[in-house]
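Chemist:
In the working numbering, the protein residues as written are 36 to 119.
Next up, the structure:
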């Protein structure tokens, strides 16, 4: 479905994988693959990952962590399903 393209931006795992791949392989320009293409060019062409976005991905992962912690704390405080 078409909404899966936008769903990847709401998925924290996608942000984490983008950050990991871009930070580990996105700056390798001196190593070439078998066909002569640089590793960072392959990562950008095949996956669309850019090394300049690593900072944004780090902010996104921290943002998801803070958001989930806030939702958890709010839910523990407000929602109570125990009955006596």
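Beta carbons are placed, not taken as given, at the ideal position from N, Cα and C, and that holds for glycine. Since we're looking at a predicted model, the values are computed, not measured.
With residue 89 and residue 54 assumed to form a contact (beta carbons below 8 angstroms), what rounded beta-carbon distance in angstroms separates them?
Modeler: That belief holds up - the Cβ atoms of residue 89 and residue 54 are roughly 6 angstroms apart, short of 8 angstroms.
Chemist: Tell me the rounded alpha-carbon separation between residue 43 and residue 50.
Modeler: So the two alpha carbons sit approximately 8 angstroms from each other.
Chemist: When DSSP labels each residue in this structure, what does residue 117 get in the three-state scheme?
Modeler: In the structure shown, residue 117 sits in coil (DSSP, three-state: anything other than H, G, I, E or B).
Chemist: Answer yes if the segment 81–101 comes into contact with the segment 58–67, meaning at least three C-beta pairs across the two stretches below 8 angstroms, and no otherwise.
Modeler: Enough Cβ pairs lie closer than 8 angstroms, so yes.
Chemist: Helix or strand or just coil, what does DSSP make of residue 80?
Modeler: Helix.
Chemist: Put residue 67 into one of helix, strand or coil per three-state DSSP.
Modeler: Reduced to three states, the DSSP call for residue 67 is strand.
Chemist: What does DSSP give as the partner residues of residue 59 in its beta bridges?
Modeler: Answer is none; residue 59 lacks a bridge partner.
Chemist: With C-beta atoms as the reference, is residue 47 less than 8 angstroms away from residue 96?
Modeler: Cβ distance < 8 angstroms, so residue 47 and residue 96 count as in contact.
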